[in-house]
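*Asks:* Attaching a single structure in structure tokens format; questions to follow.
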Amino acid sequence: MFQTFLGVLIIALSLALGFAQDEKFSPQVTYENVPYGNHPHQVIDFWKAEAKDPAPLVVFIHGGGFRGGSHDKVNPRAIKKYLDTGIHYVSIEYRFLQHARFPAPHEDCIRALQFIRSKAGDWGIDKDRIAGYGDSAGAQLIGYLGWANDFADPKSEDPISRESSRLKAVALLGGQSTVDLNWWVQNIPGFEKSFIGELITEKIPMIERRAIFKEISIINHISFDDPPTFMSYWMRPEDPIPTDPQLIWNWTVHHVNFGKSMQDKLKSKGVEVTLNYPNHTEFFEDEASFLIHHLVER
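Going by our numbering, the first residue of the sequence shown is number 9, and it counts up by one from there.
Okay, structure coming up:
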């Protein structure tokens, strides 16, 4: 089935960045496990900043290979940094592939963002100043939100569906540009298509599969009107392939060459883009300084 096809590939996206909880720096969540759909995973957590006027918001989407992770595993220091700057914070949960096949996670994140906008009046959110970041699979989802066309349906009878799905700025940490494995073989050091072997034999019709792959390969959505983008990776383009076989998956699926391909296309469209990796820091030190700049400092 389609879920199985990406079985090992999905595991490749599963090494999301984990953050240990630190009670000293853990702000109290304002609204916890707020449902935006009927599935148990269709929930968000919201932290409200102290602000008299409608304030900007940062959305976080966790990684975990579309099969794991949790919206509860957030970096408390990051939350505090945004709250101290007058920025609200949201962490989104979404269905995994064991619940529903692609593009269910993408559809969930669209709906979650529209739901959040529908709460702007009650929660004190400035609809025009919403940015987002994510790691690994979460980075792929943030890129999709940032670069795909607006999913707002102004004619819908559902008021949530009429809300915009666009973001003011996006930050991708270890994100993948495409799910085209042929591109991976040609451009990602250490990746071998044989890693997934028989999983390529899927029962879903090839035309449908190709259409889904094209849709969720975020590089295909890059256009001139996309928001400013920050990307970060933990290896340099020239670094050697790890000798430990257990490290190769993490290496290949978070390789900086994904970022370089997206940077090239973003630049060709005239979109502001920052790409950081070890010994190469461009305009912003990290995703927080980038997002804060675009939300409150401009």
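Note that CB positions come from ideal geometry on N, CA and C, so glycine has one too.
To the nearest angstrom, how far is it from the Cα of Ser297 to the Cα of Thr289?
*Replies:* By one-based count along the sequence shown, residue 297 stands at place 289. By one-based count along the sequence shown, residue 289 stands at place 281. C-alpha separation (whole angstroms): 12 Å.
*Asks:* Could you tell me which residues DSSP pairs with Ala99 in its beta bridges?
*Replies:* Translated into positions along the sequence shown, residue 99 becomes position 91. It is Ser, not Ala, that sits at residue 99 in the sequence shown. Answer by DSSP bridge pairing, in chain order: Asp53, Phe68.
*Asks:* For Arg125, which of helix, strand or coil comes out of DSSP?
*Replies:* In the sequence shown, the residue the question calls residue 125 occupies position 117. Helix.
*Asks:* List the whole-angstrom C-beta distance separating Leu303 from Lys176, where the pair is believed to meet the contact cut-off of C-beta under 8 Å.
*Replies:* Translated into the one-based positions of the sequence shown, residue 303 becomes position 295. Translated into the one-based positions of the sequence shown, residue 176 becomes position 168. That belief holds up - the Cβ atoms of Leu303 and Lys176 are roughly 7 Å apart, short of 8 Å.
*Asks:* Quick one: is Asp294 near chain C, going by C-beta distance under 8 Å?
*Replies:* Note that chain C does not occur in the displayed structure, where there is just one protein chain.
*Asks:* Give me, in chain order, the residues of the same chain whose beta-carbon lies closer than 8 Å to that of Phe104; leave out the 5 immediate sequence neighbours on both sides.
*Replies:* Your numbering for residue 104 matches position 96 in the sequence shown. Around Phe104: His49, Gly72, Phe74, Arg75, Gly76, Pro113.
*Asks:* Check for me: the beta strand (DSSP E) holding Val281 runs from which residue to which?
*Replies:* Sequence index remark: in the sequence shown, residue 281 carries index 273 (1-based). Start and end: 281 to 284.
*Asks:* Could you pull out every residue in the same chain whose Cβ sits closer than 7 Å to the Cβ of Asn250, ignoring the five residues on either side in sequence?
*Replies:* Indexing the sequence shown from 1 puts residue 250 at position 242. The question names Asn, but residue 250 in the sequence shown is Pro. Excluding sequence neighbours, Pro250 sits near Ile256, Trp259.
*Asks:* In terms of residues, what are the limits of the beta strand (DSSP E) holding Leu180?
*Replies:* The count along the sequence shown starts at 1 and reaches residue 180 at position 172. Taken as a continuous stretch (DSSP letters only), the beta strand (DSSP E) holding Leu180 covers 178 to 181.
*Asks:* Can you say whether Ser276 is buried or exposed, counting buried as having 16 or more other CB atoms within 10 angstroms of its CB?
*Replies:* If you number the sequence shown from 1, residue 276 lands on position 268. It is exposed - the Cβ of Ser276 has fewer than 16 other Cβ atoms within 10 Å.
*Asks:* Give the single residue among Asp80, Lys89, Ile95 whose Cα lies nearest to the Cα of Lys60.
*Replies:* Within the sequence shown, the letter at position 52 stands for residue 60. Lys60 has its Cα closest to that of Ile95, out of Asp80, Lys89, Ile95.
*Asks:* Look at Glu178 and Phe232 and say whether their C-beta atoms are less than 8 Å apart.
*Replies:* Counting from 1 along the sequence shown, the entry for residue 178 is found at position 170. Counting from 1 along the sequence shown, the entry for residue 232 is found at position 224. Here the sequence assigns Val to residue 178, which means Glu is not the residue at that position. Contact flag unset, no.
*Asks:* Are Gln148 and Gln122 close, meaning C-beta to C-beta below 8 Å?
*Replies:* On the sequence shown, position 140 is the one that residue 148 refers to. On the sequence shown, position 114 is the one that residue 122 refers to. Result no, Cβ atoms of Gln148 and Gln122 do not sit closer than 8 Å.
*Asks:* Would you kindly report the start and end of the unbroken beta strand (DSSP E) that includes Glu40?
*Replies:* Locating residue 40 in the sequence shown gives position 32, where the first residue counts as 1. From DSSP, the beta strand (DSSP E) with Glu40 extends over 39 to 43.
*Asks:* Look at the alpha carbon of Pro111 and the alpha carbon of Ile224, and state the distance between them as a whole number of angstroms.
*Replies:* The residue you call residue 111 lines up with position 103 of the sequence shown. The residue you call residue 224 lines up with position 216 of the sequence shown. One C-alpha to the other measures close to 7 Å.
*Asks:* Can you pull the DSSP bridge partners for Asp234?
*Replies:* Within the sequence shown, numbered from 1, the residue matching residue 234 stands at position 226. Note: Asp234 sits in no beta bridge, so no partner.
*Asks:* Just how far apart, CA to CA, sit Glu115 and Glu216?
*Replies:* The residue you call residue 115 lines up with position 107 of the sequence shown. The residue you call residue 216 lines up with position 208 of the sequence shown. When rounded, the distance between both Cα atoms is 17 Å.
*Asks:* Taking Ser269 and Asn190 to be in contact with their CB atoms under 8 Å, please state how far apart those CB atoms are, rounded to whole angstroms.
*Replies:* In the sequence shown, residue 269 corresponds to position 261, counting from 1. In the sequence shown, residue 190 corresponds to position 182, counting from 1. The Cβ separation is near 14 Å, so there is no contact.
*Asks:* What is the DSSP secondary structure of Ala28, counted as helix, strand or coil?
*Replies:* Translated into the one-based positions of the sequence shown, residue 28 becomes position 20. Only weak support is given to the placement of Ala28: the predicted model assigns it a pLDDT of 44, under 50, and the question is left unresolved by the model.
*Asks:* Whole angstroms are fine: how far does the CA of Arg170 sit from the CA of Leu181?
*Replies:* Along the sequence shown, read from residue 1 onward, the residue named residue 181 stands at position 173. Along the sequence shown, read from residue 1 onward, the residue named residue 170 stands at position 162. The alpha-carbon atoms of Leu181 and Arg170 are separated by roughly 29 Å.
*Asks:* In chain order, which continuous runs of the beta strand (DSSP E) of length 3 or greater are located wholly inside the region 151 to 192?
*Replies:* 178 to 181
*Asks:* Check the C-beta distance from Pro235 over to Gly154 and give it rounded, since I have them as a contact under 8 Å.
*Replies:* In the sequence shown, counting from the first residue as 1, residue 235 sits at position 227. In the sequence shown, counting from the first residue as 1, residue 154 sits at position 146. Indeed, because the Cβ distance is near 5 Å, the residues count as touching under 8 Å.
*Asks:* Does the Cβ of Lys222 have 16 or more other Cβ atoms within 10 Å, making it buried, or fewer, making it exposed?
*Replies:* Numbered from its first residue, the sequence shown carries residue 222 at position 214. Exposed.
*Asks:* Beta-carbon within less than 6 Å of Ser34's beta-carbon, same chain only, minus the 5 sequence neighbours each way: which residues are those?
*Replies:* Along the sequence shown, one-based indexing puts residue 34 at 26. These residues qualify, in order along the chain: Pro84.
*Asks:* Among all the DSSP beta bridges, which residues are the ones paired with Ile133?
*Replies:* Counting from 1 along the sequence shown, the entry for residue 133 is found at position 125. Answer by DSSP bridge pairing, in chain order: Ala63.
*Asks:* Restricting to Cα atoms, I'd like to know which of Ser126, Val37, Gly142 is closest to Glu295.
*Replies:* Position 287 of the sequence shown, counting from 1, holds the residue named residue 295. Minimum Cα distance to Glu295 is reached at Gly142.
*Asks:* On the DSSP bridge assignment, give the partners of Met239 in chain order.
*Replies:* Looking up residue 239 in the sequence shown gives position 231. Leu180, Leu283, per the DSSP bridge assignment.
*Asks:* Mind checking who His229 pairs with in its DSSP beta bridge?
*Replies:* For the purposes of this step, residue 229 is taken as the residue at position 221 of the sequence shown. DSSP, once it has assigned bridges, lists no residue as partnering His229.
*Asks:* State the CB to CB distance for the pair Ala120 and Leu299, rounded to an integer number of angstroms; the pair is presumed to be in contact (CB under 8 Å).
*Replies:* Taking the sequence shown and counting its residues from 1, the one referred to as residue 120 is at position 112. Taking the sequence shown and counting its residues from 1, the one referred to as residue 299 is at position 291. The C-beta separation of Ala120 from Leu299 comes to about 18 Å, leaving the pair out of contact by the 8 Å criterion.
*Asks:* Who are the near neighbours of Arg174 in its chain, counting only those whose CB is closer than 6 Å to its CB and skipping five residues on each side?
*Replies:* By one-based count along the sequence shown, residue 174 stands at place 166. Result list for Arg174: Asp158, in chain order.
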